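Only one structure is covered here, and it is reproduced in the block below.
2 protein chains.
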Amino acid sequence: MQISSRFTLAVHIFACIDTFQDAYKVTSEFLAGSTNVNPVIIRKILSQLKAAGLVAVARGTGGVSVAKPLEEITLLDIYRAVACVEHGTLFHFHENPNEQCPVGRNIHRILDDKLLQVQNAMEKELASITLEDIKRDTENCIGEP
Amino acid sequence: MQISSRFTLAVHIFACIDTFQDAYKVTSEFLAGSTNVNPVIIRKILSQLKAAGLVAVARGTGGVSVAKPLEEITLLDIYRAVACVEHGTLFHFHENPNEQCPVGRNIHRILDDKLLQVQNAMEKELASITLEDIKRDTENCIGEP
DNA sequence: ATGTGATGTAACTATTGACATTACATTCAA
DNA sequence: TTGAATGTAATGTCAATAGTTACATCACAT
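Residue numbers (this note's numbering), protein chains in the order written: chain A, 22 to 166; chain B, 22 to 166.
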C-alpha cells in the first residue's frame, strides 16, 4: 500500500497558502478547487495540521494561515501530522508469528531494528526538506511557466 | 497506510529456509505454521519471489530453496519482488490537481523530485541489508534464547 | 440582532487492497 | 498410480481511503 495522498494534499495546501494568502482568503472551498478534492477532506486535513500546531484556521470568518516560520516546518512534521501510517510504523508486521517455532519466536528480534533503520532513513530525508524549500521552488515553477 | 505484511512475511520465509532446510522439507504448509498465515497467502508470496528469481519452488514433490547466494539478495530485492507499493511509488499523489490553478498546475514539478529523494533514501537503506545479515542474526537469536 | 459565509463533524456510501478460506486442477516422485 | 504438494480461481470479510450530504456552530459585517 502507498502512503495516503493526505500527505501530498497537505503539502499542496501549504503551497497554496504561500502563494495566495495576500491575494485571496484561503478557505477549504478554495483549496478544494486547487487540489480537486472534496472540501470535507480538506477540512479534515486542516484540522490535523491545526492539532499539530502547523496552521491556524479562522472559525466563522474563515481562512487558513501558517502558524510557524516556514523554515521551522519540515515535511516530516507534515507527514506525522496527517498520520499516514498506523502506530507510526511504516512496515506492517504479520500479527501472530508462531511462538512455538524458533524463527517465529525470534522474528521480531531479528527484524525490528532493521525495519526501524529503514524507516529512520526515510524520516531523516523528510526532515531535511522544509516549507521554505517548497515555497522557493513553488515561486520558481510559477515564475517560469 | 502501511507497507503490506507481505514484505515481513517474505523475510520470515527466508529466515525459515536458512534455518530449517537441512532438517525439514520447507513447504507452504510448514511456512504457514511458522508465520501463522494462510498457506495460500504464502504460496502467492512464493510465486512472486520465484518470478523475481529469488527462490526455487519444487512442484509436485514440494519444497522451497533459495535461488541465489544469500549475500546477493537484499531486502530491496525482496521488497520489490512482493510489490508492496503500486507503480513502485511510495507516495500516493492526489489524482487531478487543478490545471487552471498556478499551484495545481505545478505541484508535480514542485514535489515529485522531493518525494523521489525520500523514496530513494529508504530504498538505499533496504539495499544495504542482505539475507546474509538476516541469516547471521537469526542464528544469533536462536542460539541465545 | 441578525444574516452571511465559513468551519467542524457526524453519518452514510463506494471503492480498493489485504488477508482468509474453500476448492480443485496440476505436478512429480516414490 | 497414488499421495503430497503447488498453482490459482472464486468468494468473503475487514479496514482505510475518499466522496458526499447535512447541519450545528461560529464570528464578523451590516
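The beta-carbon is built from N, C-alpha and C at its ideal position, and this holds for glycine as well. Because the structure is a prediction, the values reported are computed rather than measured.
Taking 8 Å as the cut-off, the beta carbon of K71 (chain B) is found closer than this to the beta carbon of A77 (chain B). Per DSSP, A104 (chain B) is not a residue of any alpha helix (DSSP H), being assigned neither H nor E.
One Cα belongs to H115 (chain B), the other to T29 (chain A), and the distance between them is close to 7 Å. Its Cα nearest to that of L67 (chain A), the residue A:R27 stands out among A:E120, A:R27, A:H129 and A:I155.
A104 (chain A) is positioned such that its CB atom lies closer than 8 Å to that of Q69 (chain A). Residue pairing for F112 (chain B): DSSP places it in a beta bridge opposite A:I24. Nearest to C122 (chain A) by alpha-carbon distance, out of B:I128, B:V47, B:A31 and B:T56, is B:T56.
Collapsing the DSSP output to three states places V87 (chain A) in a strand.
Across the region 30 to 53 of chain B, CB contacts with chain A closer than 9 Å involve L30, V32, H33, A36, C37, D39, T40 and F41, in sequence order along the chain. Close to V124 (chain A), with beta-carbon spacing below 8 Å, are these residues of chain B in chain order: H33, A36, C37, T40, F41, S55, T159 and I163. Per the Cβ contact rule, the region 127 to 144 of chain B is in contact with the region 143 to 156 of chain A (3 or more Cβ pairs under 8 Å). Residue-level contact check: V106 (chain A) touches chain B, since one or more beta carbons of chain B fall below 8 Å from its beta carbon. In the displayed model, T82 (chain B) falls within coil according to three-state DSSP, outside both helix and strand.
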